[in-house]
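Trainee: Starting off with a structure, shown below.
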Amino acid sequence: MLTVTDPKLMASQFADDYIAGANELLKKQIDRTSTQSKALTSLGNTLDAFHKAMADLVAGGSMAQTTVTLSDPGFASVTSTSGAKPGTYKFHVSQLATANQQAIDLPDSIDATGAGKLKLTLGDGTEVVIDIEAADKDGSGQVSPEELARAINANPDTDGKVRAEIVGGKLVLSATEVGAASQIKLDTSGIANSELRDRFDNATEISKAQDAIIWLGDEGVGVKIEQASNTLDSIEGLSIVFTKAGASGTVTVGSDKDATVKGVQAFVDAYNTLMKALADLTRAGDANNGDAGGPFSADAGVRALMGKINSALRKSVAGINLYSLGIDTDRKGMLSINEKALEKAMKDQPEALDMLFGNKSTGLIGNLESALDGWLNSSKGQLKSRKESIQKAEKTLDSKSNELQRRYDGVRKRYEDQFTRLQVMQMQMESTLNQIKNLFSTSKD
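Just so you know, we're using full-length UniProt numbering here: the sequence shown kicks off at 1 and counts up by one.
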């Protein structure tokens, strides 16, 4: 006979048994969805890492890396990108581009009343009119050189092209840009005080406004370059800043074999990491040994992606392929570099690397970009649609879990009520039996 000792405990046990099958099924669905979600996240991270590696590979515009040297670091500085072509460039700097700078010896104070206006005109046509009387901000009736400098700097028409400051007691006007167009012309016709007008008219030129004159080759016989900047950007992949007038020097761009091989190795490593991760995610299982395999072992979409990547790798561009550049593929599909073959290819055909790898829209990189876009596209890629599908499944499972919990609570409550009533009945029966036993025991006595 069932004896009820703890209605709540027994109700929980019976309720657990009642929903055990449904609970086990729900748990399997939750575990399967969780596994898919983690696998999809892992796949997304793997594809993102490879995509970034490809972007870094061609970020400079070329696979072939170069090194730049200066014959005299004193005459110029240079920065380069991977688009620079090997070669030697000789320069002579006849003059540097400089900005106009003028100093005006002003009195300690200027009578503000009716002082008039000073007009500044730059070589590019910029005009700035300064009301000298309005510069008296403290209302003293006098305008100090400092107040006049502040008035010039605060005038919006300067557009940052002219700066005024007091240096050694003098008002110094400086153009902020170099070149012949930085010439500052002082128009004093609007100044009422003749002495003040003379001081501006007799300004001392500290620095001339002039363009740079640079020769590509020897001075007088090479190509003459006149420009308003000391930076030369017209040579592809190079930005040269000339720093010394009257100096000559050469800029030499050479092939950087080690850096180029390092870049190719970075691609090989990124590709091998990707393929190893995909192989693990799609690994076939072994039912006999209880091995379910990778989470995407039966996923046609992931296998199709692997096929597209492999196909992109096998394509040739203008007769050039990975093998011809010394990049070999083993029987497992992993890449490796034959450095001697790569160096020979770089020497025989320096442009071969760029022709094969291309950029984000051409060549090998472009083909791989196209293959990855089907998964990584933020609006219609497979990762996005699959994540949305998993999120929808998770919401459905949450609803099922809540419904199962409600069922469990209801069943447990029903059992608890029943066991409580049964316990009361058992207690009443036990009390009655005890009374009968006591009655018969008393009768015998």
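Ideal placement from N, C-alpha and C gives every residue a C-beta, glycine not left out.
Phe75: which of Thr282, Glu351, Val93, Gln349 sits nearest, CA to CA?
Mentor: Sequence index remark: in the sequence shown, residue 75 carries index 75 (1-based). Per the Cα distances, Val93.
Trainee: At which residue ranges does the segment 102-143 contain complete beta strand (DSSP E) runs of 3 or more residues, listed in the order of the chain?
Mentor: Fully enclosed beta strand (DSSP E) runs of 3 or longer: 117-122, 127-131.
Trainee: Please report how far the alpha carbon of Thr420 lies from the alpha carbon of Ala22, in whole angstroms.
Mentor: Taking the first residue of the sequence shown as position 1, residue 420 is located at position 420. Taking the first residue of the sequence shown as position 1, residue 22 is located at position 22. Between Thr420 and Ala22, the C-alpha separation is close to 26 Å.
Trainee: For residue 446, which option in Ala154, Ser182, Leu397, Gly410 has the closest C-alpha, if you only look at C-alpha atoms?
Mentor: Since the displayed the chain opens at 1 and closes at 445, residue 446 lies outside it and no answer follows.
Trainee: Who does Trp215 pair with in a DSSP beta bridge?
Mentor: For the purposes of this step, residue 215 is taken as residue 215 along the sequence shown, with counting starting at 1. Answer is His92, Lys224, bridged to Trp215.
Trainee: Give me, in chain order, the residues of the same chain whose beta-carbon lies closer than 8 Å to that of Leu274; leave out the 5 immediate sequence neighbours on both sides.
Mentor: Position 274 of the sequence shown, counted from the start, is the residue given in the question as residue 274. Excluding positions up to five away in sequence, the list reads Thr46, Leu47, Ala49, Phe50, Ile309.
Trainee: Quick check: what's the CA-CA separation for Arg150 versus Ser62?
Mentor: For this step, residue 150 is matched to residue 150 along the sequence shown. For this step, residue 62 is matched to residue 62 along the sequence shown. Each residue's alpha carbon lies about 50 Å from the other.
Trainee: Does DSSP put Phe296 in a helix, a strand or coil?
Mentor: Residue mapping note: residue 296 aligns to position 296 of the sequence shown, counting from 1. Coil at Phe296, not helix or strand.
Trainee: Since residue 493 is in the beta strand (DSSP E), which residue starts that stretch and which ends it?
Mentor: Residue 493 lies beyond the stretch modelled for the chain, which goes from 1 to 445, so this question has no answer here.
Trainee: Quick one: what's got a C-beta closer than 7 Å to Thr250's C-beta in the same chain, skipping five residues either side?
Mentor: To locate residue 250, count along the sequence shown from 1; it is residue 250. These residues qualify, in order along the chain: Ser71, Thr88, Tyr89, Lys90.
Trainee: For Asp157, tell me which candidate among Thr121, Val68, Leu148, Lys170 has the shortest Cα-Cα distance.
Mentor: Taking the first residue of the sequence shown as position 1, residue 157 is located at position 157. The candidate whose alpha carbon is nearest that of Asp157 is Thr121.
Trainee: Report the rounded CA-to-CA distance for Gln65 versus Val253, giving the unit in angstroms.
Mentor: The residue you call residue 65 lines up with position 65 of the sequence shown. The residue you call residue 253 lines up with position 253 of the sequence shown. Computed Cα separation, rounded: 10 Å.
Trainee: Closest to Ser401 by C-alpha separation, out of Lys276, Glu24, Gly44, Ser182, would be which residue?
Mentor: Locating residue 401 in the sequence shown gives position 401, where the first residue counts as 1. Per the Cα distances, Glu24.
Trainee: Taking 7 Å as the cut-off, decide whether the C-beta atoms of Ser174 and Gln101 are in contact.
Mentor: The residue labelled residue 174 in the question sits at position 174 within the sequence shown. The residue labelled residue 101 in the question sits at position 101 within the sequence shown. Taking 7 Å as the Cβ cut-off, Ser174 and Gln101 qualify as a contacting pair.
Trainee: Which residue wins for smallest C-alpha separation from Ser144, given the options Glu165, Ser378, Lys161?
Mentor: As a working note, residue 144 is residue 144 in the sequence shown. The candidate whose alpha carbon is nearest that of Ser144 is Glu165.
Trainee: Report all residues from its chain with a CB closer than 7 Å to the CB of Asp348; omit the five preceding and five following residues, and keep chain order.
Mentor: Within the sequence shown, the letter at position 348 stands for residue 348. Hits under 7 Å: none found.
Trainee: With a threshold of 8 Å, are at least 3 pairs of Cβ atoms found where one atom belongs to the segment 260-275 and the other to the segment 318-338?
Mentor: Short answer: they touch.
Trainee: Identify the continuous beta strand (DSSP E) that holds Leu171 and give its terminal residues.
Mentor: Locating residue 171 in the sequence shown gives position 171, where the first residue counts as 1. Element bounds for Leu171: 170-175.
Trainee: Determine the closest residue to Phe357 out of Glu351, Ile365, Ala284, with distance taken between C-alpha atoms.
Mentor: Mapped onto the sequence shown, residue 357 falls at position 357. The option with the nearest alpha carbon to Phe357 is Ile365.
Trainee: With a cut-off of 8 Å on the beta carbons, I'd call residue 474 and Val78 a contact; round off their distance for me.
Mentor: Past the edges of the chain, shown from 1 to 445, lies residue 474, and the structure says nothing about it.
Trainee: Mind checking who Leu186 pairs with in its DSSP beta bridge?
Mentor: Within the sequence shown, residue 186 is the residue found at index 186, counting from 1. For Leu186, which the question treats as bridged, DSSP gives the partners Leu120.
Trainee: Thr5: buried (16+ other C-beta within 10 angstroms of its C-beta) or exposed?
Mentor: Translated into the one-based positions of the sequence shown, residue 5 becomes position 5. Result: exposed.
Trainee: I'd like the list of long-range same chain contacts for Leu368, defined as Cβ closer than 7 Å, with 5 residues on each side in sequence excluded.
Mentor: Here residue 368 refers to the residue found at position 368 of the sequence shown. Closer than 7 Å at the Cβ level, and outside the excluded window around Leu368, lie Met54, Ile309, Ala312.
Trainee: Here's the rule: buried if 16 or more other CB atoms are within 10 angstroms of the residue's CB, otherwise exposed. What is Pro73?
Mentor: Taking the first residue of the sequence shown as 1, we reach residue 73 at position 73. When all chains shown are included, Pro73 counts as exposed.
Trainee: Applying the criterion that 16 or more other CB atoms from any shown protein chain within 10 Å of the CB defines a buried residue, is Leu342 buried or exposed?
Mentor: By one-based count along the sequence shown, residue 342 stands at place 342. Burial call: buried.
Trainee: Identify, in the order they occur along the chain, each residue of the same chain with its Cβ nearer than 6 Å to the Cβ of Val128, setting aside the five sequence neighbours on each side.
Mentor: Your numbering for residue 128 matches position 128 in the sequence shown. Cβ within range, chain order: Leu120, Asn155, Asp157, Thr158.
Trainee: Taking the beta carbon of Ser378 as the centre, do at least 16 other beta carbons fall within 10 Å, making it buried, or is it exposed?
Mentor: Here residue 378 corresponds to residue number 378 of the sequence shown, with the count starting at 1. Under this definition Ser378 is an exposed residue.
Trainee: Beta-carbon separation of Ala352 and Ile320 under 7 Å?
Mentor: One-based indexing of the sequence shown puts residue 352 at position 352. One-based indexing of the sequence shown puts residue 320 at position 320. Taking 7 Å as the Cβ cut-off, Ala352 and Ile320 qualify as a contacting pair.
Trainee: Three-state secondary structure (DSSP) at Phe75?
Mentor: What you label residue 75 is simply residue 75 of the sequence shown in a count that begins at 1. The answer is coil: DSSP assigns Phe75 none of H, G, I, E or B.
Trainee: Which one of Lys244, Ser207, Asp354, Gly381 has the shortest CA to CA distance from Gly263?
Mentor: Position 263 of the sequence shown, counted from the start, is the residue given in the question as residue 263. Per the Cα distances, Asp354.
Trainee: Just to check my reading of the structure: residue 484 and Tyr408 have Cβ atoms closer than 8 Å, yes? What is that Cβ distance to the nearest angstrom?
Mentor: Residue 484 lies beyond the stretch modelled for the chain, which goes from 1 to 445, so this question has no answer here.
Trainee: Answer with buried or exposed for Gly179, where buried requires no fewer than 16 other C-beta atoms within 10 angstroms of its C-beta.
Mentor: Against the sequence shown, residue 179 aligns to sequence position 179. Answer is buried; the Cβ neighbour count reaches 16.
Trainee: For Val261, which residues from the same chain have a beta carbon less than 8 Å from its beta carbon, with the 5 sequence-adjacent residues on both sides left out?
Mentor: The residue given as residue 261 occupies position 261 in the sequence shown. Answer for Val261: Ile337, Glu339, Leu342, Glu343, listed in chain order.
Trainee: Look at the alpha carbon of Asn288 and the alpha carbon of Gln29, and state the distance between them as a whole number of angstroms.
Mentor: Within the sequence shown, the letter at position 288 stands for residue 288. Within the sequence shown, the letter at position 29 stands for residue 29. If you take the alpha carbons of Asn288 and Gln29, they lie about 23 Å apart.
Trainee: On the three-state DSSP scale, how would you describe Val261?
Mentor: The residue given as residue 261 occupies position 261 in the sequence shown. If DSSP states are grouped into helix, strand and coil, Val261 belongs with the helices.
Trainee: DSSP beta-bridge partners for Gln210?
Mentor: Taking the sequence shown and counting its residues from 1, the one referred to as residue 210 is at position 210. Answer is Thr98.
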